[in-house]
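Notes to accompany the following structure.
Protein chains in written order, with the numbering used here: chain W, 8 to 219; chain B, 8 to 219.
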């Protein structure tokens, strides 16, 4: 307990490297603290200095997985450039990151996703965080006249639905033959030009009142 | 062989009812012709009069599953009403049908989907048929000035991506808390108003050139 924090952090990082190695070799389902201790040549008691529980270990794995995505979202929302470009970057940069990670090591990527499916509560927090950052961008876009007549929550939900194949890693894999940055760009432009409350669309173009 | 076709058809329909019962009771994975024969109280030789092979049986199950969806697509594409309404109906009527089928008997619905996952070649033909019908509507919409600068194939692909949670039954189930007809309506209106080639959007609204 007298060790400086940096040693604990370095130890955790080393153990997370080992965990990734174990996930690569045999999937994440069975990984637990005693196996990790054995792999690290530590006593089971010693490993608790780094991770207080199996759950703490999984949370650390998730934290590492999501860290570069959160960095992108923080950077894009804090930026003061044009909202159109930032909305595109918000999705495109994470999509490209996910796609490149997948293409570099497809099996490892899928094993992480399977691990996430088994720990949905942990993942849920990060999904909510993504919605939080998106809401910030949507609010800024609304100030510039986009998404008329929608609430922020409605716009966030609609945007997430329309971009599902670029947001959901499983869907991205399933549709890998079809998802491209160019298509993402067209869909973002479509949203910027067209996404608004149904009645707003109908007032402006009466023929659209025929829909629904 | 001298029996009229209608008897064969009636026999097939009866056997497909039985198959549905078997799928409901224990899933579709293990269902084969000899089990079906036993369930129907027929000799194995007799059942071949109705289905020449296990594959023919699965194709008949798929045909029955997709028949109401094809009927909707045929009706909507043949209709001569306004293209805006038909494009909405094309997706909304099938979405409502899928959702109601799922809500009526969620386990049976999922078992059919699992069966489909095991017979992707058969399902693929129906997916392609759906794209064929959508291409007809897209071509008609283009004649009225929608989807500028895109090819028919590009528009079909983009529309399918943007509507994935309303088209893919697995995604619909996953997002059941979020997918509604009202949101589908807003997304269709968004596409009608905004979906066009990236350069077309940028010419009209220069700030959109900032995207990507």
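Glycine is no exception: its CB is placed at the ideal position from the N, C-alpha and C atoms.
Keep in mind it's a predicted model, so treat the numbers as computed, not measured.
Asked: Of all the options B:38, B:39, B:54 and B:65, which has the alpha carbon lying nearest to the alpha carbon of residue 126 of chain B?; Found: B:65
Asked: Just by C-beta distance, which residues in the stretch 90-122 of chain B are closer than 8 Å to chain W?; Found: 91, 92, 94, 95 and 99
Asked: When burial is assigned at 16 or more other CB atoms within 10 Å of the CB, is residue 132 of chain B buried or exposed?; Found: exposed
Asked: Determine the closest residue to residue 180 of chain B out of B:87, B:102, B:95 and B:63, with distance taken between C-alpha atoms.; Found: B:102
Asked: Buried or exposed for residue 200 of chain W, please, with buried defined as at least 16 other CB atoms from any protein chain shown within 10 angstroms of its CB.; Found: buried
Asked: Could you tell me the boundaries of the alpha helix (DSSP H) in which residue 213 of chain B lies?; Found: From DSSP, residue 213 of chain B is part of no alpha helix (DSSP H); its letter is neither H nor E.
Asked: I want to see whether chain W comes within less than 8 Å of residue 141 of chain B, judged by CB atoms only; does it?; Found: no
Asked: Quick one, which residues of the stretch 153-177 of chain B are near chain W if we go by CB-CB under 9 Å, in chain order?; Found: 157, 161, 164, 165, 167, 168, 169, 170, 171, 172, 173 and 175
Asked: Cβ atoms of residue 141 of chain W and residue 166 of chain W: under 8 Å apart, would you say?; Found: yes
Asked: If you drop the 5 nearest sequence neighbours on each side, which residues of the same chain put their C-beta closer than 8 Å to that of residue 178 of chain B?; Found: 171 and 172
Asked: Anything in the stretch 195-207 of chain B with a Cβ closer than 8 Å to a Cβ of chain W? List those residues in chain order, please.; Found: 195, 196, 197, 198, 199, 200, 201, 202, 203, 204 and 205
Asked: For residue 215 of chain B, return the contacting residues in chain W, with the cut-off set at a CB-CB distance below 8 Å.; Found: 91, 196, 199 and 200
Asked: Going by beta carbon distance, what residues of the same chain come within less than 6 Å of residue 182 of chain B, once the five residues before and after it are set aside?; Found: 172
Asked: Taking residue 30 of chain B as the reference, which of B:85, B:113 and B:164 has the closest Cα?; Found: B:113
Asked: Taking the alpha-carbon of residue 80 of chain B as reference, which of B:99, B:130 and B:160 has the nearest alpha-carbon?; Found: B:99
Asked: For residue 48 of chain W, which residues in chain B fall below 7 Å Cβ to Cβ?; Found: Chain B residues near residue 48 of chain W: none, gap ~42 Å exceeds 7 Å.
Asked: Show which residues of chain D have a CB atom less than 7 Å away from the CB atom of residue 132 of chain W.; Found: You won't find chain D in this structure, because its protein chains are W and B.
Asked: Mind checking if residue 218 of chain B is an interface residue toward chain W, Cβ cutoff 8 Å exclusive?; Found: yes
Asked: Any beta carbon of chain B sitting closer than 8 Å to that of residue 145 of chain W?; Found: no
Asked: Residue ranges of each alpha helix (DSSP H) run of no fewer than 4 residues wholly in the stretch 16-56 of chain B, ordered along the chain?; Found: 40-47 and 51-54
Asked: Would residue 193 of chain B pass as an interface residue toward chain W - the criterion being a Cβ-Cβ separation below 8 Å?; Found: yes
Asked: Taking the C-alpha atoms as reference points, what is the distance between residue 50 of chain W and residue 44 of chain W?; Found: 6 Å
Asked: Using a beta-carbon distance below 8 Å, is residue 61 of chain B in contact with chain W?; Found: no
Asked: Ignoring anything shorter than 4 residues, give me the alpha helix (DSSP H) runs that lie fully in the stretch 99-173 of chain W, in order along the chain.; Found: 113-125, 127-150 and 159-169
Asked: For residue 106 of chain W, count neighbouring C-beta atoms within 10 Å of its own C-beta (all shown protein chains included) and say buried if the count is 16 or more, exposed if not.; Found: buried
Asked: At a CB-CB cut-off below 7 Å, which residues of chain W make contact with residue 76 of chain B?; Found: Here the premise fails: no neighbours, minimum Cβ distance about 19 Å.
Asked: Does DSSP put residue 201 of chain W in a helix, a strand or coil?; Found: helix
Asked: Classify residue 83 of chain B as helix, strand or coil using the three-state DSSP reduction.; Found: helix
Asked: Would residue 39 of chain W and residue 19 of chain W be called neighbours here (beta carbons separated by less than 8 Å)?; Found: no
Asked: So, is the C-beta of residue 185 of chain B closer than 8 Å to a C-beta in chain W?; Found: yes
Asked: Measure the alpha-carbon distance for residue 155 of chain W versus residue 91 of chain B and round it to whole angstroms.; Found: 21 Å
Asked: Identify the contact partners of residue 221 of chain B in chain W, using a Cβ-Cβ distance below 9 Å as the criterion.; Found: The question about residue 221 of chain B has no answer, for chain B in this structure spans 8 to 219.
Asked: If you run the structure through DSSP and keep just helix, strand and coil, what is residue 95 of chain B?; Found: helix
Asked: Identify which residue in W:198, W:202, W:192 and W:218 has its Cα closest to the Cα of residue 188 of chain B.; Found: W:218
Asked: Report all residues from its chain with a CB closer than 8 Å to the CB of residue 70 of chain B; omit the five preceding and five following residues, and keep chain order.; Found: none
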